[in-house]
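Residue numbers for the sequence shown follow our numbering, so the first one is 91 and each next one is one higher.
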Amino acid sequence: MSGVFASGNALLAAAAEEPWHELSIFEPASPGGAAIVRLALLVLAVAALIFLVVEGILFYTIARFRHRGGSSDTPPPEPPQVYGSNPIEIAWTVAPALIVFFLVLVSARTLWEVNAAPATSRNVIEPLTVTVVGRQWWWEYRYQSYDGRKLAFITANELHIPASSPERSRPTRLLLESADVVHSFWIPRLEGKVDLIPGRTNQLWLKTDVTGLFLGQCAEFCGTQHAHMLLRVVVDSPEDFDKWLAGQALPAVDDPQQAAGREAFLSESCVNCHRIRGTTARGNYAPDLTHLMSRQTLASGIIPLDETNLRRWIHNPHDIKPGCLMPAFGLSAEKEELIVQYLLSLK
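Now the structure itself:
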């Protein structure tokens, strides 16, 4: 039990190093995010106005009709009783109906604005299309096409997309699926959340001209490690994104110095779940490890990806993420070290 608490403290410390203040929806970095903020502020203003009117009437009534004079022996007479008033009945029926109708209209307009596909024009590049698969408890990204090019590689946990510019719009189309239970994809500064439902494909459009790292979270309870199913979206400049695509499309580097480590990895049951392109490891149940060390984090964003944490993860992943589906294999110290060094070479 003490190990679990120690692990939890380590995770909190790692999370504290990230710019989590960027999770605020009130700092939008995309047209869709800005539309959602405008709607939120409008609804907040309407609710504040209703609050002020209701509380104003309440305080006026308390002040205007408070008890004056009289005594316990001679209480004041009961005020006149009103049994029904057509103007009041009409007012408190029509006014809420008009408010609800107004909010429905502006909400529908915002939904259309957020979900509509970008208009086709000479300045809009054919969108980057990525299938996002939510799993317990990590994210799989299957890159399919971009700017007329076919893509056929898979990554995990860190989504890279291109930034738009005033001259060229570069939208991203995400096809959202689930491999097990209901998950929810949510990057607060970029878009609203969309659920990933087993047996159904939902869609989400992303577009921003701001480069950098955007953080998010699975927003639907999906099991014991739901809180540690984090999201990282890296928005690259167009040039950097093209370089990243070219690197990810390549198979794993065949380093002769890591031959023993590769054989150690391929001899274990890791190959039944993980995939490393260019090798006999072709599993599709766990994260693709082809370019593992091109990522910044491990275990769906909860710890930095470095040699120390990678060794801890291979030794016993449950020390880091209790309840995760990867078992501890009980490897010998020598074999464990060979596998760690081989994985560190996958850049």
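Don't be surprised by glycine CBs; every beta carbon is placed ideally from N, CA and C. Keep in mind it's a predicted model, so treat the numbers as computed, not measured.
> For L340, which three-state DSSP category applies?
Replying inline: coil
> Is it the case that the Cβ atoms of L436 and L382 are separated by a distance below 7 Å?
Replying inline: yes
> What are the start and end residues of the alpha helix (DSSP H) that includes A181?
Replying inline: N176 to N205
> Beta-carbon separation of W228 and S390 under 7 Å?
Replying inline: yes
> Does DSSP put D396 in a helix, in a strand, or in coil?
Replying inline: coil
>> If I measure Cβ to Cβ from E426 and keep anything under 8 Å in the same chain, skipping five residues before and after, which residues do I get?
In response: R401, I404 and H405
>> Tell me which residue opens and which closes the alpha helix (DSSP H) that F355 is part of.
In response: A349 to S357
> Roughly how many angstroms separate the alpha carbons of Y233 and L195, rounded to a whole number?
Replying inline: 36 Å
> So, A354 versus I251, is the Cβ gap smaller than 7 Å?
Replying inline: no
> Is the distance from the Cβ of S254 to the Cβ of K297 below 7 Å?
Replying inline: yes
> Looking at the unbroken beta strand (DSSP E) that takes in K240, where does it start and where does it end?
Replying inline: R239 to A246
> In terms of residues, what are the limits of the alpha helix (DSSP H) holding R154?
Replying inline: P121 to R154
> Do E310 and T291 have their C-beta atoms within less than 7 Å of each other?
Replying inline: no
> Contact between the segment 217 to 228 and the segment 146 to 156: three or more CB pairs below 8 Å?
Replying inline: no
>> Measuring straight from C-alpha to C-alpha, what distance separates T245 and P186?
In response: 49 Å
>> L218 and Y231 - do their beta-carbons sit closer together than 7 Å?
In response: no
> Which residue's Cα is closest to the Cα of P208: C312, S384, T262 and M416?
Replying inline: T262
> How many Å lie between A423 and H364 at the Cα?
Replying inline: 21 Å
>> Tell me which residues share the same chain as Q293 and place their Cβ nearer than 8 Å to its Cβ, disregarding the 5 neighbours each side in the sequence.
In response: N205, R263, L264, L265, L266 and V284
>> With a threshold of 8 Å on Cβ separation, who are the neighbours of V127 within its own chain once the five nearest residues in sequence on each side are excluded?
In response: I115, F116 and P118
> How about G306 and I277: are their beta carbons less than 7 Å apart?
Replying inline: yes
> So, is R372 buried or exposed, given that buried needs 16 or more other C-beta atoms within 10 angstroms?
Replying inline: exposed
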